[in-house]
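Worksheet for the structure shown next.
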């Protein structure tokens, strides 16, 4: 379930902090309703695959408001993006430069596709190693220290001279779930020497703003993040006329989402732990398994009750590691049939969900004004057979 007004306010905060061009990182959570909502609130949409692009375009968002990412864009995906007329393509590899050269050769487009080059600045953000992306050893972008970034500019300039493309900016992204704004300052410092002589109008710092999931965590606000980046740009001599923007995703939707499960089994192991098994698990929220991510839990029927019992909330999948909250505090009268909620699940739950063990995925509801509407219906057993021949 998503608090629709909460999501809208986060979008407004992003537009207020970053201005025109700020893009919603749709990999965090995407459906047609979400794409429409973000666009209505003034955001562009960042996509990373042809599938994400298809959902966004089908939602009615104009292609001009789309930024196309991806470290391995196929010919088909690039052709789709170019034919649709997406606003920006973020180039990630020399192979992609070659593909763009081939796909745009002799093209009679009214306006050549506008490109940003993704550069890895060599900054290691303080976050989980699986979601660090700005370090030198990364599958993403062109290395700054290795000289690859400079070579990529040279190669794209050659395409630009032939009228095939237009290079409009540089993009960098140092990772996700970042709580220390100094990491973004270091990224700007590393990028500034490279960026200043290029004379390009745009600099995008990607996403990565952290979100607090459990008690005791705190994170910078959207405004604090943007202010830090802009101050760093000024300090390191980036032209004030440069369009400096970002691509927040998790920070737009995470805290707006709550996942509701039904308790099916309670298994007490005396002297060890109590397992509470629910009707979902790693198929609808793989983050605890992938990253060791923490969550809280509560019973909606008793939101103010003391939570004196520690349990491990697990899913229904055939994996011992299929847990949702390893040490959850819940009321001692928890029972089979209870609805149990895990908050802050609006990002990377639905979007990373699977049908492992052939478990149908749950519906997605938007809540607003005291009512609810289904924006993604519940899957059925027959849906699991829909692609079989």
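In our numbering, the protein residues as written are 32 to 420. Positions of the beta carbon are idealized from the N, C-alpha and C atoms, including for glycine.
For residue 108, same chain residues with a beta-carbon under 6 Å away, outside a window of 5 residues either side, are 81 in chain order.
In its chain, beyond the 5 residues on either side, 100, 147, 149 and 202 have a beta carbon closer than 6 Å to the beta carbon of residue 121.
Within a 10 Å sphere around the beta-carbon of residue 235 sit 16 or more other beta-carbons, which makes this residue buried.
The DSSP-derived three-state label of residue 42 is helix. Just so you know, the alpha carbons of residue 66 and residue 299 end up roughly 44 Å apart. Exposed is the label assigned to residue 334, since fewer than 16 other Cβ atoms lie within 10 Å of its Cβ.
Leaving aside the five residues that flank residue 376 on each side, the residues in its chain whose CB is nearer than 8 Å to its CB run, in chain order, 285, 288, 289, 290, 316 and 326. Sixteen is the threshold: since fewer than 16 other Cβ atoms of the shown chains lie within 10 Å of the Cβ of residue 125, the residue is exposed. The beta carbon of residue 330 is closer than 8 Å to those of 336, 361, 362, 365, 369, 370, 371 and 372 in its chain, skipping five residues each way along the sequence. With fewer than 16 other Cβ atoms from the protein chains shown falling within 10 Å of its own Cβ, residue 243 counts as exposed. Taking all protein chains shown into account, residue 42 has 16 or more neighbouring C-beta atoms within 10 Å of its C-beta and is therefore buried.
With fewer than 16 other Cβ atoms inside 10 Å of its own Cβ, residue 192 counts as exposed. Bounds of any alpha helix (DSSP H) do not take in residue 75; it lies within the beta strand (DSSP E) bounded by 75-78. If you compare the alpha carbons of 47, 46 and 69 with that of residue 38, the shortest gap goes to 69. Rounded to the nearest angstrom, the gap between the Cα atoms of residue 195 and residue 210 is 40 Å. Excluding its 5 nearest sequence neighbours in each direction, residue 127 has C-beta neighbours in its own chain below 7 Å: 104, listed in chain order. When secondary structure is reduced to three states using DSSP, residue 62 falls in the coil class, being assigned neither helix nor strand. With the rule of 3 Cβ pairs closer than 8 Å, the segment 376-391 counts as touching the segment 404-414. Residue 202: member of the beta strand (DSSP E) spanning 197-202, first to last residue.
Remark: three or more beta-carbon pairs, one from each stretch, lie closer than 8 Å, so the segment 258-268 and the segment 206-224 are flagged as touching. Look at residue 286 here: in three-state DSSP terms it is helix. Boundaries of the alpha helix (DSSP H) around residue 217: 213-226. Under the DSSP assignment, residue 233 falls in the beta strand (DSSP E) whose first and last residues are 233-235. Ranked by Cα distance from residue 275, the first of 309, 264 and 132 is 264. Distances from the CA of residue 254 to each of 321, 241, 44 and 40 were compared; the closest alpha carbon is that of 44.
Scanning 110, 115, 102 and 106 for the CA closest to the CA of residue 96 turns up 115.
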